[in-house]
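Enquirer:
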Amino acid sequence: MPLPKRRHSHTRGRKRRTHWKLTAPNVMECAHCHQPKLPHHICPHCGYYKGIQITTPKEA
Amino acid sequence: MRHQRKVKKLSRTSSHRQAMLNNMVTSLFASRMIKTTESKAKELRRIADRLVRTAKKDTLAARRLVARSVKDRAVLKKLFTEIAPQFKSKPSGFTRVVKMGYRRGDSAMMAVVELLTEKPKIEKDAGKKKGSKKKEKEVAAAEGKSKKEKSASAE
Ligand SMILES: [Zn+2]
C-alpha cells in the first residue's frame, strides 16, 4: 500500500489546485427573444433554433 | 473490414441496445418528435433514416424489413402511408437533432430528434400546408404526449 512519507502542506495542495479553473459558458443572445442562450441549442425561453420553433417552453 | 464503422454502445448489451433503439424509433415515427439524451439522439437518427429509406421503396419486402424494428402495426402503416411519401424527393436527411441543454439530475445533454415531415401544429410560424396536420395531431394526442396536447389546446 502506498503511504505518504512526508507531511504535505496546505500551500502545496492549494498550489496544485491553482490550475483547476472554471470556464464560463459561452452564452449568446437568442435571435428571436433576445434572452441569453447557449450556442447550437434550442432557446430555453422561446423554443426557437435558427428561426424555427422546435419546442414550446412550459410557461409559454 | 469494418474500419470506421463505429456504433455507440450506450452502456447496454447489444440486445438491450437494439430493443431500446427499436422502441425509440417507433415512438419517433408515432409522435414525430422525441426528447432524449444527445448520445441516444445521434444513434437514433441513423436508425430512423435507414428505416425511412427502406420504407420509401414501399414493397412487401421493405415492409417486412422495417417491421423487424417497428413492432407497432399502426406505426408501421403510418410510416409507409404518411411519412415515407413525404420524403419522396429527398435522398437522405429525414431527421433533425437539436441540443436543448443539460438535464437536471445527471447533467446529461438532452436533445430533440425530429422527423422532418409536415408539422401538425404552429401554422402561423412555418406557414406550411394544412394537409395531414389534423391526422397527425390526433395520433400524437392518442399517444398521450401531454406536451403536444397542451400546445395544441393552447392554440
Ligand atoms: Zn429565444
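Listed in order, the protein sequences are those of chains D and Y. If you read the first sequence in this note's numbering, its first letter stands for residue 1270, the second for the next number, and so on. If you read the second sequence in this note's numbering, its first letter stands for residue 532, the second for the next number, and so on. Note that beta-carbon positions come from the ideal geometry of N, C-alpha and C, so glycine has one too.
#1: At what residues does the beta strand (DSSP E) containing K609 of chain Y begin and finish?
#2: Run through DSSP, which three-state label would P616 of chain Y get?
#3: In chain D, which residues lie less than 7 Å from V643 of chain Y when you measure between Cβ atoms?
#4: Looking only at its chain, what residues have a beta carbon closer than 7 Å to the beta carbon of V583 of chain Y, apart from the 5 residues adjacent to it on each side?
#5: When you compare the CB of D656 of chain Y with every CB in chain D, is at least one pair closer than 8 Å?
#6: Hey, is K621 of chain Y's beta-carbon within less than 8 Å of any beta-carbon in chain D?
#7: Where the beta carbon is closer than 7 Å to any heavy atom of ligand 1, which residues qualify, in chain order?
#8: Nearest to G632 of chain Y by alpha carbon, out of Y:T568, Y:L647, Y:D603, Y:R604?
#9: Any idea which residues DSSP pairs I565 of chain Y with across the strands?
#10: Using the Cα positions of N554 of chain Y and K566 of chain Y, report the straight-line distance between them to the nearest angstrom.
#11: Identify whether R627 of chain Y lies in helix, strand or coil by the three-state DSSP scheme.
#12: Taking L591 of chain Y as part of the alpha helix (DSSP H), name the residues at either end of that continuous run.
#13: Identify which residue in Y:K609, Y:M532, Y:L541 has its Cα closest to the Cα of T557 of chain Y.
#14: Can a CB atom of chain D be found closer than 8 Å to the CB of M532 of chain Y?
#15: With a cut-off of 8 Å, does the C-beta of G632 of chain Y fall near any C-beta of chain D?
#16: At least one CB of chain D closer than 8 Å to the CB of V556 of chain Y: is that the case?
#17: Could you tell me which chain D residues have their CB closer than 7 Å to the CB of V628 of chain Y, listed as they occur along the chain?
#18: Give the secondary structure of H1301 of chain D by DSSP, where H, G and I count as helix, E and B as strand, and everything else as coil.
#19: Using the Cα positions of A572 of chain Y and A639 of chain Y, report the straight-line distance between them to the nearest angstrom.
#20: Given a threshold of 16 other Cβ atoms within 10 Å of its Cβ, counted over all protein chains shown, does G1316 of chain D qualify as buried or as exposed?
#21: Between the alpha carbons of S570 of chain Y and S623 of chain Y, how many angstroms are there, rounded?
#22: From the DSSP output, which residues share a beta bridge with K588 of chain Y?
#23: Alpha carbon to alpha carbon, how far is R1275 of chain D from M1297 of chain D?
Expert: Quick look at the numbers:
#1: Where K609 of chain Y is concerned, there is no enclosing beta strand (DSSP E), although the alpha helix (DSSP H) it sits in stretches over 604–609.
#2: helix
#3: I1311, I1323, T1324
#4: I614, A615, F618, F625
#5: Per-residue confidence for D656 of chain Y stands at a pLDDT of 48, beneath the threshold of 50, marking its modelled position as unreliable; the derived number appears in the next sentence. Answer yes: the Cβ-Cβ gap between D656 of chain Y and chain D drops below 8 Å somewhere.
#6: no
#7: D:C1299, D:H1301, D:C1302, D:Q1304, D:K1306, D:C1312, D:H1314, D:C1315, D:Y1317
#8: Y:T568
#9: Y:V644
#10: 13 Å
#11: strand
#12: 591–598
#13: Y:K609
#14: no
#15: yes
#16: no
#17: Those do not exist, as V628 of chain Y stays about 11 Å from chain D at its closest Cβ, beyond 7 Å.
#18: coil
#19: 12 Å
#20: buried
#21: 20 Å
#22: Looking at the DSSP assignment, K588 of chain Y forms no beta bridge with any residue, so it has no partner.
#23: 49 Å
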